[in-house]
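Peer 1: Here it is, the structure, as structure tokens.
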Amino acid sequence: MIFHQPVKLFFGPGEIKGIQGIVHNELQSGQPLLITDKGLTQTGLAESIRQSVKIIEIFDSIEQNPTSLTVNRIGALARRLKPDLIIGLGGGSVLDAAKAASVLAANPGLIEDYEGAVQLASAPLPVLAVPTTCGTGSEVTRGAVITDTKRRFKMSVKSPQMYPRAAIVDPDLLATLPQPVVAATGLDALTHAIEAYTSRPANLITDHFALQATKLILGSIEAAHQNIARNKEAREDLMYGSTLAGFAFGNSDVGAVHCLAESLGGLFDTPHGVANAIFLPFVMKFNLRVCAERYKDLAVAAGIREENSLKAASELIERIVSISRNLNLPGFSDLGIDRSQFNRIAESSVQNGSNPSNPRQAGIQDYLDILEDALAG
Ligand SMILES: [Fe+2]
24 MIFHQPVKLF FGPGEIKGIQ GIVHNELQSG QPLLITDKGL TQTGLAESIR
74 QSVKIIEIFD SIEQNPTSLT VNRIGALARR LKPDLIIGLG GGSVLDAAKA
124 ASVLAANPGL IEDYEGAVQL ASAPLPVLAV PTTCGTGSEV TRGAVITDTK
174 RRFKMSVKSP QMYPRAAIVD PDLLATLPQP VVAATGLDAL THAIEAYTSR
224 PANLITDHFA LQATKLILGS IEAAHQNIAR NKEAREDLMY GSTLAGFAFG
274 NSDVGAVHCL AESLGGLFDT PHGVANAIFL PFVMKFNLRV CAERYKDLAV
324 AAGIREENSL KAASELIERI VSISRNLNLP GFSDLGIDRS QFNRIAESSV
374 QNGSNPSNPR QAGIQDYLDI LEDALAG
């Protein structure tokens, strides 16, 4: 059993105020490149960091599903500017793009050349991850998910050398998060916890983090969604849960929910958390026959008191459905994806690197059935 977690975490409300010392003293960086998205440059957060940290350039053109085209652009920029650190400020898309670009800053070629689990010839540039949403977990994992623009396929780039060097996980950064983003990223974090607990590579240590993450996320997500600016405790629990879920899935894996969500993201640019929220209950129903006991453990962690495993699992699924409804997350039919696309989605899901980790073997027909169930609602 291996549990790898080399990221130095600066966790807690207000930790972002120490970024200058973390960048220049802790990480010994003199010329960091800041990667973020337009939303965060508009809030002024990127600029306020620039005022305390000597940034050589801000790149703020990360999409909601980062593409190989963009990562290759950042790679070229990094080879030209020669930064000594990449700071990723944003949600999972920004952090994944920062980690992928750090590979290109120190190695030749395009990001498409590094698909799958790879040993890199040169260590990537160090990365400081600063998550600003409550769902990614990317600040503590060794992978990046990037949309290959040509294939419209979300590929994984994974290497033990790709863990960020450090992460500032400050729940106060969630205070201005819009409600739909709280909903989508919170459900992404919940999916990480549930899939990590039930995935085939799960172990005793990942189980511990997955159960605790489930408890924290289910206990806080509705309150955080209602008023994240005012509810300090809820946003702390949600962010803590999101990072713990990252510990869990980063060392076990995700499963069929993510295979479907990444297929939709690659083919239709569907936001990752929204797609996870849609498919989570339907994949849980599909998996139920092989992991009722595991779902019962998660139900107990969520405070559901029911002795019978199948009933406990069903209550947990119902609870997740009702949370998604209360958080105004869309259903599958709201996405307007035509049935004629189902085969492509199913094929892409089977090809996903995490498909073998799902607790119940899932083939093309299984994914087609799940898609039909999700469409029926
Ligand atoms: Fe995810």
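In this text, residue positions in the sequence shown follow our numbering: the first is 24, and each later residue adds one. Beta carbons are placed, not taken as given, at the ideal position from N, Cα and C, and that holds for glycine.
1. Mind checking whether Gly166 and Ser179 have CB atoms under 7 Å apart?
2. Under DSSP, the alpha helix (DSSP H) around Lys334 begins and ends at which residues?
3. Would you list the one or two residues that DSSP bridges to Val150?
4. Hey, how far is the Cα of Ser5 from the Cα of His281?
5. By DSSP, does Val192 sit in helix, in strand, or in coil?
6. Are there any heavy atoms of ligand 1 lying less than 6 Å away from the beta-carbon of Asp211, as far as the coordinates show?
7. Let me know the beta strand (DSSP E) ranges lying completely inside the region 345-396, each 3 residues or longer, listed in chain order.
8. Can you list, in chain order, the residues of its chain with a C-beta nearer than 8 Å to that of Ile403? Leave out the 5 residues immediately preceding and following it.
9. For Val313, write down the residues that DSSP places opposite it in a beta bridge.
10. Using a threshold of 7 Å, state whether the C-beta atoms of Arg383 and Asn299 are closer than that.
11. Tell me Thr170's beta-bridge partners as DSSP assigns them.
12. With Gly209 and Leu261 assumed to form a contact (beta carbons below 8 Å), what rounded beta-carbon distance in angstroms separates them?
13. Could you give the distance in angstroms between the alpha-carbon of Pro203 and the alpha-carbon of Val323?
14. Below 7 Å between beta carbons: does that hold for Ala279 and Thr229?
15. With a 10 Å radius around its C-beta and 16 neighbouring C-beta atoms as the bar for buried, classify Asn88 as buried or exposed.
16. Got a sec, what are the start and stop residues for the beta strand (DSSP E) Phe26 sits in?
17. What span of residues does the alpha helix (DSSP H) with Leu68 cover, start to end?
18. How would you write the range of the alpha helix (DSSP H) that Leu234 sits in, first residue to last?
19. Report yes or no: do the region 285-293 and the region 234-243 share at least 3 C-beta pairs separated by less than 8 Å?
20. Where DSSP assigns a beta bridge to Ala99, which residues make up the other side?
21. Can you round the beta-carbon distance between Ala189 and Leu148 to whole angstroms, since I take them to be within the 8 Å contact cut?
22. Is it a yes or a no for the region 372-391 touching the region 345-361, going by three-plus beta-carbon pairs under 8 Å?
23. Measuring CB to CB, does Gly269 end up less than 7 Å from Val163?
24. Applying the criterion that 16 or more other CB atoms from any shown protein chain within 10 Å of the CB defines a buried residue, is Met24 buried or exposed?
25. Am I right that Ile393 and Phe302 are in contact with their C-beta atoms under 8 Å? What's the rounded C-beta distance?
26. Throw me the rounded Cβ distance for the Arg342 and Tyr220 pair, which I believe falls under 8 Å.
27. According to DSSP, is Ile79 part of a helix, a strand, or is it coil?
28. Of the residues Cys314, Ala246, Tyr186 and Gly98, which one's Cα is nearest the Cα of Arg223?
29. What does Leu57 pair with, by DSSP beta-bridge criteria?
30. For the beta strand (DSSP E) that Lys31 lies in, which residues bound it at each end?
31. Helix, strand or coil: how does DSSP classify Ala140 here?
32. With 16 other CB atoms within 10 Å as the buried threshold, where does Ser71 fall?
33. Given Glu259, which residues of its chain have a CB within under 6 Å of its CB, disregarding the five upstream and five downstream residues?
34. How would you call Ala124, buried or exposed, if buried means at least 16 neighbouring beta carbons within 10 angstroms?
35. With Arg258 as the anchor, note down where its alpha helix (DSSP H) starts and where it stops.
Peer 2: Quick look at the numbers:
1. Yes, Cβ-Cβ distance for Gly166 and Ser179 is below 7 Å.
2. Per DSSP, Lys334 belongs to the alpha helix (DSSP H) from Ser332 to Asn349.
3. Val150 is bridged to Ile109.
4. There is no way to answer for residue 5, as the model of the chain reaches only from 24 to 400.
5. Three-state DSSP puts Val192 in a strand.
6. At least one heavy atom of ligand 1 lies closer than 6 Å to the C-beta of Asp211.
7. Listed in chain order, there is nothing to give.
8. There is no way to answer for residue 403, as the model of the chain reaches only from 24 to 400.
9. Listed as beta-bridge partners of Val313 by DSSP are no residues whatsoever.
10. Result no, Cβ atoms of Arg383 and Asn299 do not sit closer than 7 Å.
11. Thr90 and Lys177, per the DSSP bridge assignment.
12. Contact flag correct, Cβ pair sits at about 6 Å.
13. Take the alpha-carbon of Pro203 and the one of Val323: they are about 28 Å apart.
14. Taking 7 Å as the Cβ cut-off, Ala279 and Thr229 do not qualify as a contacting pair.
15. Result: buried.
16. Phe26 -> no beta strand (DSSP E), and no H or E assigned at all.
17. Counting along the chain, Leu68 sits inside the alpha helix (DSSP H) bounded by residues Leu68 to Ser75.
18. For Leu234, the enclosing alpha helix (DSSP H) covers residues Leu227 to Gln249.
19. No, they do not touch.
20. Per DSSP, none; premise fails for Ala99.
21. The Cβ separation is near 13 Å, so there is no contact.
22. Under the 8 Å Cβ criterion, the region 372-391 does not count as touching the region 345-361, having fewer than three qualifying pairs.
23. Yes.
24. The residue is exposed, with fewer than 16 neighbouring Cβ atoms inside 10 Å.
25. Between Phe302 and Ile393 the Cβ distance is about 7 Å, and since that is below 8 Å, they are a contact.
26. Not quite, the Cβ-Cβ distance comes to about 16 Å (not below 8 Å), so this is no contact.
27. Coil at Ile79, not helix or strand.
28. Comparing Cα positions, the closest option is Cys314.
29. Paired residue(s): Ile81 and Ile110.
30. For Lys31, the uninterrupted beta strand (DSSP E) run begins and ends at Lys31 to Phe34, by DSSP.
31. The answer is strand: DSSP assigns Ala140 an E or B state.
32. Exposed: under 16 other Cβ atoms inside 10 Å.
33. Excluding residues within five positions, the ones whose Cβ falls inside 6 Å are Pro194.
34. Ala124 counts as buried, since at least 16 other C-beta atoms from the protein chains shown sit within 10 angstroms of its C-beta.
35. Per DSSP, Arg258 belongs to the alpha helix (DSSP H) from Lys255 to Asn274.
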